[in-house]
Each structure stands twice: as C-alpha cells, then as structure tokens.
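Going line by line, the protein sequences match chains F and E. Going left to right, the first sequence walks through residues 331 to 544 as our numbering numbers them. Going left to right, the second sequence walks through residues 331 to 544 as our numbering numbers them. Backbone N, C-alpha and C define an ideal beta-carbon position, used for all residues, glycine too. To start, the structure under review is shown below, and the notes come after it.
There are 2 protein chains.
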Amino acid sequence: MNAPAAKASAGPGRPKDLEKRAAILEAAKKLFPVHGFDGTSMDVIAAEAGVSKLTVYSHFRDKETLFVAAIEARCSELLPDDLFPTQPRGPIRESLLRIARSFYALVSSEVSISLHRMILADQRNGPELGKMFWQAGPARITETFERFLRNAVASGQLDIPDPPTAARHFLCLLKGTVNMRMLCPGCIPEAAPEHADEHVRSVVEFFLRAYLPR
Amino acid sequence: MNAPAAKASAGPGRPKDLEKRAAILEAAKKLFPVHGFDGTSMDVIAAEAGVSKLTVYSHFRDKETLFVAAIEARCSELLPDDLFPTQPRGPIRESLLRIARSFYALVSSEVSISLHRMILADQRNGPELGKMFWQAGPARITETFERFLRNAVASGQLDIPDPPTAARHFLCLLKGTVNMRMLCPGCIPEAAPEHADEHVRSVVEFFLRAYLPR
DNA sequence: GTCTATATAGCGATAGAC
DNA sequence: GTCTATCGCTATATAGAC
Chain F
331 MNAPAAKASA GPGRPKDLEK RAAILEAAKK LFPVHGFDGT SMDVIAAEAG
381 VSKLTVYSHF RDKETLFVAA IEARCSELLP DDLFPTQPRG PIRESLLRIA
431 RSFYALVSSE VSISLHRMIL ADQRNGPELG KMFWQAGPAR ITETFERFLR
481 NAVASGQLDI PDPPTAARHF LCLLKGTVNM RMLCPGCIPE AAPEHADEHV
531 RSVVEFFLRA YLPR
Chain E
331 MNAPAAKASA GPGRPKDLEK RAAILEAAKK LFPVHGFDGT SMDVIAAEAG
381 VSKLTVYSHF RDKETLFVAA IEARCSELLP DDLFPTQPRG PIRESLLRIA
431 RSFYALVSSE VSISLHRMIL ADQRNGPELG KMFWQAGPAR ITETFERFLR
481 NAVASGQLDI PDPPTAARHF LCLLKGTVNM RMLCPGCIPE AAPEHADEHV
531 RSVVEFFLRA YLPR
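Structure below.
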C-alpha cells in the first residue's frame, strides 16, 4: 500500500556499483602482478578492495575473468599512443637517444616488469594472454620504430639494409638489462639511474657504429 | 631363532634409496618446469617417480627443498664447461657464427626456456634462486665470450672500444627471440628452424658491421 | 624403509539473512 | 545489492601397518 516510489523511480539501483567495481579492479591490478595468479586469493582481493568476497563474484564471473580484466587494464594504461615521433627531427643521434630513453623508461618501470613477469608465469590458457600483450605492446612499438628508421634511411641519415630487423635489434638491446633484472633483482649493478643512461647511450653508439653512413 | 643375517649383514638397508631419490629428482625436474611450483603437486611427483608420497618426504624435507634441488640439478646439467673456445681460429665471421649457433641452441631449447620461466615466475625466496642461476649461467658465458673478443681485438680481427659491453650486447641480441617466444609461444614466426639460423646470421652481420676494422 | 589412510588447512564458489 | 557463514575440493604433511 505505502508507495515504494522512492526506490522504484531510481530503477534497479546501481549507483555504488561502479566505484566498487573500480576498487576491486584496482586491488586485482595491484595484487596479481606481485603474488601471481595462484598466490593471490579472492579473499585477499576482497579485503584489499574493502568489499565482501561475494561482491567480487557479483562483478566478475570467476577468478580468471578478473585476472584477465586486470591485465588488460594494466596494458591499456601502460601503452601510450604517442611514445615517440616517426619523423626524425634534428641530428639522428639525438633522436635515437630520445626514443631510447622513452622506451627504456617504459619497459624498466616496476609496474611494467611486474606485468611482464605475471604474463610469463601464467601460461594457463595457452598463449592467448601473451598474444594479446604482444600485439598491444611490443608489436606496435616495433612497427612505429621501424617506420622511423625507414624515414631516416630515406633522408640519408642512416644506412640500414634491413630496417625491420634493425628495429627489432635496437629495442631488444634496450630491453636486455630489464630481462636480467627480472631474473635476478640486484645481480646487475647497472640498475642504478646513472648506469641506466649509460646503458642507453652504449646501445645507441653500437647502433650508430653499424648504421651511420660512411 | 631363524637368522635375519641376510638383512643384518647388509646394515641399515639403503641400497634402493639412491635410485628412488634419483627417480624423484627426475620427476621433479620434468614436472616443475612445465606446471610451475604451485601447479605441481607432491602427489603427481610421487606418481611420476613410481613411489609413494611419504617416500618423497623421506628424501626431501618439504616441497621447496625438492624444488630448489630440481632447479640446481637442471642448471648444472645444462651448462657445459666448454661451450666455445676463447681463442679465435680461422676467419672471425665463421668463429662468431659457430659461437652464436652454440649459444642460441643452448638458450632456445625447450628445457632451457622452461627453466628460465620457472625461475622468473617464482620469486618466493627473494632473488637467491635467480642469483644462483645468473652466476652459474649467463655470468660465466658472458665472461668467456668477453675473453674471446679481447683476443680477437688483440689480433686485429675486430675493433671494439668496449669489449665487456659488446659481449653483453651480442649475447643479448641472440637471446632476444627467446624472450619473445617465452612471452607468447607462436607469436613469433621465427621459431621455425630455418628462421632461427637467419636470426643468428642477422645478429652476427649487425655485430660485424659495427666492429669489423675498416 | 615403504605404502595406505588420514589430519589439517586454505581456497574457490555459493546459500540464505538483511 | 551486499554481507556472514558454509560447502566441496584439493594439497601439504603425517600416523600407523607390513
């Protein structure tokens, strides 16, 4: 008899829904990379998010769904569309140094390393997750850099017989130190900031020594 | 009255001990790399070894002890002492190609990748495991190759201002494809045998283009 | 010394109260 | 829609028989 108008007019209420969902996703993004898939329980995620476990299950069907959602969120927020320009401006050495520093800063960040490690560790669903990460990240960056190299070759600033291969080599060299740090944090003394730039410069010099026109 | 001599003379019998321990270790070496630490149960290891679970626990205090023992065993059997000579013989291009092929064959093997992935994924005991692997593997190989490069520079076959850095760069380039395959098996079309040698040759050519005396 | 059977604990997922 | 309490399952590690 007494009208439930106040509730009915608001519809099936879900105003708080979204911010709780966001809190859950944030907790998952924080915990999964650190402790891995098996090492992160749904209870801990719920506690970190400040909600109950069943609230977690109301927003995400199961653990794997939440896991994939967390990874995808991290990926999309890690990869900017304009990491570096494809048209060389000014001296080629300076351009390469700028690009190398941007790329190195991206791949050597703690959050990037955690994400990387998590994808490496969890091959539970075949290579699907890795393929997604690969296409969204490394593949796109390599393609962009390859375009940059081709432009530099066209303008006579570089002399590269095989730009695609050279692009892969360049980025691979930059990421080398990161792979070592992932294996054994603390083994590589070059982890310090001043040594990081030294690493970047050594790669650029190696690259120029091979591909600078003579 | 009836003498238990046959048994008593043999002492507190442990003749079967060693071969069962070997079977357990073999099962652990096979299963841990494939399914990871959490994904490999002691039951499955016992079944694979053909013994009971309690026999496993009688030889190894707990799961972590067995895990570390399995990794150490794999490491020591994967790293030969004489991967390549430190004294260059014949044309430098051929020497580098031989070294590159040996190194690539080592790091790109399935068992090596599995081991690598396992160490990366499980940082449960801090960086100790990674440090052990690093010092036993990559560190030793890099040092050996650095000596090779210095000899080549001394004999005038190469012109390298910074041999330690160049050594790291060379090996890092070779391992690049492997890191990609670890991330996303199947994403890289170069996994095929014929493309593998193409990769090795492209790295050697890049290296020589930079460091061949002019 | 080895095996069968079990104690104990933690996690993923769910039922019912408000 | 959200929370408390719980089921079902699995895995580590152990107790008792041969």
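Taking C-beta atoms under 8 Å as the contact rule, E/Phe478 and E/Thr416 qualify, at a distance of about 5 Å. With a threshold of 7 Å between beta carbons, E/Asp368 makes contact with chain F. Taking 7 Å as the cut-off, the Cβ atoms of F/Val508 and F/Ser432 do not count as close.
C-alpha of F/Gly420 to C-alpha of E/Leu488: approximately 32 Å in a straight line. A straight-line Cα-Cα distance of about 16 Å links E/Asp347 and E/Leu396. Contact with chain E is found for F/Cys517, since one of that chain's Cβ atoms lies less than 7 Å from the residue's Cβ.
Taking a C-beta distance under 7 Å as the contact criterion, E/Met372 and E/Lys360 do not qualify as a contact pair.
Look at the region 490 to 525 of chain E and you find these whole runs of alpha helix (DSSP H), each 4 residues long or longer: 493 to 513. The criterion of a C-beta distance shorter than 7 Å is satisfied by E/Val533 and E/Leu504.
Residues of the region 488 to 506 of chain F with a Cβ closer than 8 Å to any Cβ of chain E, in chain order: Asp492, Thr495, Ala496, Arg498, His499, Cys502, Leu503, Lys505, Gly506. Between F/Cys405 and F/Ala358, the gap from beta carbon to beta carbon reaches 7 Å or more. The C-beta distance from E/Glu476 to E/Pro494 rounds to 5 Å, short enough to meet the 8 Å contact threshold. Put simply, the CB of E/Lys461 is near chain F, with a gap under 7 Å to one of its CB atoms. Taking the beta carbon of F/Met512 as reference, the chain E residues within 8 Å of it are Leu450, listed in sequence order. Taking a Cβ-Cβ threshold of 8 Å, none of the residues of chain F is close to E/Arg531; the smallest such distance is about 10 Å. Sequence-distant partners of E/Phe537 (beyond 5 residues in either direction) whose C-beta falls short of 6 Å from its own C-beta, in its chain, are Phe500. Annotated as distal: F/Pro515 and E/Cys514, with beta-carbon spacing of 7 Å or more. For E/Ser438, the enclosing alpha helix (DSSP H) starts and ends at 422 to 438. Annotated three-state conformation of F/Val381 is coil, per DSSP. At least 7 Å separates the CB of F/Pro363 from every CB of chain E. Contact with chain E is found for F/Asn509, since one of that chain's Cβ atoms lies less than 7 Å from the residue's Cβ. Under the 7 Å criterion on CB atoms, E/Pro457 is classed as interfacial with respect to chain F. For F/Pro468, the enclosing alpha helix (DSSP H) begins and ends at 468 to 484.
Excluding residues up to 5 positions away in sequence, Ser444 lie with their Cβ nearer than 7 Å to the Cβ of F/Val364 in the same chain.
The beta carbon of E/Arg544 sits closer than 8 Å to the beta carbons of Asp489 from its chain, once the five residues preceding and following it are set aside; these are given in chain order.
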